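Chemist: In full-length UniProt numbering, the protein residues as written are 1 to 165. Mind having a look at this structure? Questions to follow.
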Amino acid sequence: MRQIRPAAIIDRSRDRDFMREALTLAAQGAALGEVPVGAVLVQDGEIIGRGFNCPISTSDPSAHAEMVAIRAAAQAVDNYRLPGSTLYVTLEPCSMCAGLIVHSRVARVVYGALEPKAGIVQSQGQFFTQGFLNHRVLYEGGVLAEECGAVLTEFFRARRAKPTE
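If you want it as structure tokens, here you go:
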């Protein structure tokens, strides 16, 4: 197993670059007809996991972008714990993904757009601040929020414009 240096967790200098990579992944999901959410997991300045929403194409209801990226990262470092890592995701995480973030010991979450219906970091609750959690996650929202929100808005606008069969 690889040893991780926790001191490397807060480096905002590349937040926008990593979020742009997550946006690229979101576009890949949209091309498959999936809700366009993308995520990358970064450790020591390197992307170790990538993912985009793919529950429809994989018939896996848990295949949210965060879940896919964290699974890939855990495999890449051969460890189910990912201390010192930062997860970049284009949309505020839901409760399922927030639980995995805590369990895998991701140190920091950076998200783009708010998710007013199911976002559990800020919109529908402050999950990461709950006293019962055995791991504290740093979080920051709003990085490239307009771009992240626009991708979702356009996707759903186009979907609504398609005639139903």
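Idealized CB from N, CA, C, for every residue including glycine. Here the structure is a predicted model, which means the values were calculated and not measured.
From A145 to G84, what does the alpha carbon distance come to, in whole angstroms?
Modeler: On the sequence shown, residue 145 is found 145 positions in, with the first residue counted as 1. On the sequence shown, residue 84 is found 84 positions in, with the first residue counted as 1. When rounded, the distance between both Cα atoms is 24 Å.
Chemist: Please list, in chain order, all residues of the same chain as V121 whose beta carbon is under 8 Å from its beta carbon, the five residues on each side excluded.
Modeler: If you number the sequence shown from 1, residue 121 lands on position 121. A distance below 8 Å between beta-carbons, with the five flanking residues on each side excluded, links V121 to the following residues of its chain, in chain order: E92, P93, A98, V109, Y111, F127, F128, Y139 and G141.
Chemist: Please report the straight-line C-alpha distance between R16 and T58, rounded to a whole angstrom.
Modeler: As a working mapping, residue 16 is identified with position 16 in the sequence shown. As a working mapping, residue 58 is identified with position 58 in the sequence shown. Between the alpha carbons of R16 and T58 lies a gap of roughly 29 Å.
Chemist: Taking only three categories from DSSP, how would you classify F132?
Modeler: Your numbering for residue 132 matches position 132 in the sequence shown. Note: F132 maps to coil in three-state DSSP.
Chemist: V89 to A65, Cα distance in whole Å?
Modeler: For the purposes of this step, residue 89 is taken as the residue at position 89 of the sequence shown. For the purposes of this step, residue 65 is taken as the residue at position 65 of the sequence shown. Using only the alpha carbons, I get a separation of about 8 Å.
Chemist: Give me, in chain order, the residues of the same chain whose beta-carbon lies closer than 8 Å to that of P55; leave out the 5 immediate sequence neighbours on both sides.
Modeler: By 1-based counting over the sequence shown, the position of residue 55 is 55. Cβ neighbours of P55 beyond the five flanking positions: E34, P61, S62, A63 and H64.
Chemist: Beta carbon of L82, beta carbon of R105: below 8 Å?
Modeler: As a first step, residue 82 must be located in the sequence shown, where it is residue number 82. As a first step, residue 105 must be located in the sequence shown, where it is residue number 105. Yes; because the gap between Cβ atoms is below 8 Å, this pair is in contact.
Chemist: Along the chain, where does the alpha helix (DSSP H) containing T24 start, and where does it finish?
Modeler: By 1-based counting over the sequence shown, the position of residue 24 is 24. Taken as a continuous stretch (DSSP letters only), the alpha helix (DSSP H) holding T24 covers D15 to A31.
Chemist: For the alpha helix (DSSP H) containing V110, name the first residue and the last one.
Modeler: For this step, residue 110 is matched to residue 110 along the sequence shown. No alpha helix (DSSP H) contains V110, which is instead part of the beta strand (DSSP E) from R108 to A113.
Chemist: For the beta strand (DSSP E) that contains A118, what are its first and last residues?
Modeler: Residue numbering aside, residue 118 sits at position 118 when the sequence shown is read from its first letter. First-last for A118: undefined, no H or E at that position.
Chemist: Mark E115 as exposed unless 16 or more other C-beta atoms lie within 10 angstroms of its C-beta, in which case mark it buried.
Modeler: Along the sequence shown, one-based indexing puts residue 115 at 115. Its Cβ being crowded by 16 or more others within 10 Å, E115 is buried.
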